[in-house]
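Q: What follows is a structure written as C-alpha cells; I'll ask about it next.
So, in C-alpha cells, the structure goes:
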C-alpha cells in the first residue's frame, strides 16, 4: 500500500529527557561514538489511492494539527515512503 | 553536527493501539484519505566524528540491541541524516 511518512522531533531548543537518558546509558556502556540522542516519532500513514500532491498536502495538514504539538515539536519531514531504497540501506549497513 | 537517524516501527503483524486510535480519530474527523496509521520512533544520534561505515555499524548495533525491542519492533532504517534534502522536501509540500 502507498504510504506517507511523517517525522516529528522535539524542538532543538527543548530538553529531551528520554534522549538524554539514552545518551547517558550509551556513555555508561562505554560507547564514545555518539555524543547526543534525541527521540521523536515516526508516523506511517497508509494512503487510500495514489500519493499525489493532494495526499501530501493533507498529510502535512494532519501532521501540523494532529500528529505534532507545535509548542514543543517540529514536523521535520512529510514524504512518500521509500520502500526499496530503505530496504537496501538497512541491508547495506 | 553529523547525525545518524534510526527508524524503529512496531512489527507489521502486531496491533499498534496508538496508531489505531489516531486512525479512528482521523475517520471521525471526516478524513478519508488515510486508511491506517502506525506509530514508531525516530532516533537522532549525534556522531562525534565523521559518519563512516564504523559509525553506521555501531549505530546499527545500538539500534538492534538498545533502541528497539526485537520481539515487537523492527529497525526499518539506519542512515545518515539528509539535512538539505529533508528541508527541501518539507518546503515543497
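Protein chains in written order, with this note's numbering: chain A, 153 to 245; chain B, 153 to 245.
Cβ coordinates follow ideal geometry from the N, Cα and C atoms, glycine included.
Under 8 Å between C-beta atoms, does residue 193 of chain B make it to chain A?
A: With 8 Å as the cut-off, residue 193 of chain B counts as an interface residue toward chain A.
Q: For a test of the three-state rule: what should DSSP assign to residue 161 of chain B, helix, strand or coil?
A: Of the three classes helix, strand and coil, the one that applies to residue 161 of chain B here is strand, per DSSP.
Q: Closer than 9 Å between beta carbons: that is the criterion. Which residues of the region 165-195 of chain B meet it against chain A?
A: Those would be 171, 174, 175, 177, 178, 181, 183, 184, 185, 186, 187, 188, 189, 190, 191, 192, 193, 194 and 195, in chain order.
Q: Between residue 206 of chain B and residue 159 of chain A, what straight-line distance do the alpha-carbon atoms span, to the nearest angstrom?
A: Looking at the two C-alpha atoms, the distance is approximately 26 Å.
Q: Give, in chain order, every unbroken run of the alpha helix (DSSP H) that is at least 4 residues long and sits entirely within the region 170-195 of chain B.
A: Runs of the alpha helix (DSSP H) inside the region 170-195 of chain B: none found.
Q: What are the boundary residues of the beta strand (DSSP E) that includes residue 225 of chain B?
A: That run of the beta strand (DSSP E) goes 225-232.
Q: Here's a check: name, in chain order, each residue in its chain whose Cβ is nearer than 8 Å to the Cβ of residue 171 of chain A, leaving out the five neighbours to either side.
A: Only 162, 188, 189, 190 and 191 meet the Cβ criterion.
Q: Between the alpha carbons of residue 194 of chain A and residue 229 of chain B, how many angstroms are there, rounded?
A: Approximately 11 Å between the Cα atoms of the pair.
Q: Determine, using beta-carbon pairs with one atom in the region 214-222 of chain A and one in the region 173-185 of chain A, whether at least three such pairs fall under 8 Å.
A: Because the criterion of three Cβ pairs below 8 Å is not met, the region 214-222 of chain A and the region 173-185 of chain A do not touch.
Q: Going by beta-carbon coordinates alone, are residue 232 of chain A and residue 203 of chain A separated by less than 8 Å?
A: In contact: residue 232 of chain A and residue 203 of chain A (Cβ atoms closer than 8 Å).
Q: Going by beta carbon distance, what residues of the same chain come within less than 6 Å of residue 153 of chain A, once the five residues before and after it are set aside?
A: Excluding sequence neighbours, residue 153 of chain A sits near 198.
Q: Under 8 Å Cβ to Cβ from residue 166 of chain B, same chain only, skipping five residues before and after it: list those, please.
A: Around residue 166 of chain B: 224.
Q: Between residue 200 of chain A and residue 182 of chain A, what straight-line distance do the alpha-carbon atoms span, to the nearest angstrom?
A: Those two C-alpha atoms are separated by around 46 Å.
Q: Who are residue 156 of chain A's beta bridge partners in DSSP?
A: According to DSSP, which records beta bridges pairwise, residue 156 of chain A is partnered with A:197 and A:232.
Q: Output the distance between the C-alpha atoms of residue 226 of chain B and residue 186 of chain A, rounded to the nearest integer angstrom.
A: Going from the Cα of residue 226 of chain B to the Cα of residue 186 of chain A covers about 21 Å.
Q: Any residues in the region 193-214 of chain B with a beta carbon nearer than 9 Å to a beta carbon of chain A? Which ones, in chain order?
A: Within the region 193-214 of chain B, the qualifying residues are 193, 194, 195, 196, 197, 198, 199, 200, 201, 205, 206, 207, 208, 209, 210, 211, 212 and 214.
Q: Using C-beta distances below 7 Å, list every residue in its chain close to residue 168 of chain A, excluding the 5 sequence neighbours before and after it, in chain order.
A: Same-chain partners within the cutoff: 162, 190 and 191.
Q: Could you check which residue in A:180, A:212 and A:196 has the C-alpha nearest to that of residue 155 of chain A?
A: When only C-alpha atoms are compared, the closest one is A:196.
Q: With a threshold of 16 other CB atoms inside 10 Å of the CB of residue 211 of chain B, please say whether the residue is buried or exposed.
A: Looking at its Cβ environment, which holds 16 or more other Cβ atoms inside 10 Å, residue 211 of chain B is buried.
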